[in-house]
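Heads up: the structure comes next, in structure tokens.
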Amino acid sequence: STMITEDCINCGACEPECPNQAIRAGDDIYVINPNLCTECVGFYGAEMCQEVCPVACCVPNPLIREDELTLYERAVKLHGKDEVPPVEDLDEETSRFRNPEWENDGTDEDVPGEDWTPRWEEHVADVVDLATSRDETCT
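FYI, my numbering numbers position 65 of the sequence shown as 528, with every residue one higher than the one before it.
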């Protein structure tokens, strides 16, 4: 999942670019809901929030690394299979994983600039369920 770091200048350029409506204004900066973020897989060859960000603060969250198939399946769940190309048709224009020019690695020290959960109370339970299922899987 992509996140927004504390370097955000709160310009709002990112919000309308997100195909999943995963970006909202926080208290001080914009935030991304990782349950809605697909890193633009199925839509663009790079994260559009990062493409338009004047300070390049939209970077992969090192604590939530997801593969192309996971992000693709989320896009289909959010938009329906008629709105997202078939997985076998993904290419450099519709998936950063297939884009040789993609440059947005971030670092393991990057952290979100603000907590996203107060902006999406309806998705907080989803995160708790995900964390619980991960804990059960790991034990």
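Where is the CB? At the ideal position from N, CA and C, for every residue including glycine. As the structure is a computational prediction, the values presented were derived from the model and not from experiment.
Would you call residue i buried or exposed, if buried means 16 or more other Cβ atoms sit within 10 Å of its Cβ?
| i | result |
| --- | --- |
| Q513 | buried |
| R559 | buried |
| N524 | buried |
| P497 | buried |
Could you tell me the distance, in whole angstroms, from the CA atom of residue i to the CA atom of residue j?
| i | j | result |
| --- | --- | --- |
| W583 | E555 | 31 Å |
| D490 | E546 | 32 Å |
| D573 | D552 | 32 Å |
| E510 | G576 | 18 Å |
| V550 | V504 | 10 Å |
| P548 | E480 | 19 Å |
| D571 | E469 | 15 Å |
| N473 | V539 | 30 Å |
So the alpha helix (DSSP H) residue i belongs to, where does it begin and stop?
| i | result |
| --- | --- |
| C512 | 511 to 515 |
Please list, in chain order, all residues of the same chain as residue i whose beta carbon is under 8 Å from its beta carbon, the five residues on each side excluded.
| i | result |
| --- | --- |
| P563 | E555 |
Under the assumption that residue i contacts residue j (Cβ atoms under 8 Å), give the Cβ distance between them as a whole number of angstroms.
| i | j | result |
| --- | --- | --- |
| I467 | C520 | 6 Å |
| L534 | T501 | 5 Å |
Quick check on the DSSP output: the beta strand (DSSP E) that includes residue i runs from which residue to which?
| i | result |
| --- | --- |
| V539 | Element bounds for V539: not the beta strand (DSSP E) but the alpha helix (DSSP H), 531 to 542. |
With respect to 7 Å, is the separation between the Cβ of residue i and the closest non-hydrogen atom of the ligand ATP below this value?
| i | result |
| --- | --- |
| C503 | Absent from the structure shown: the ligand ATP. Ligands present: none. |
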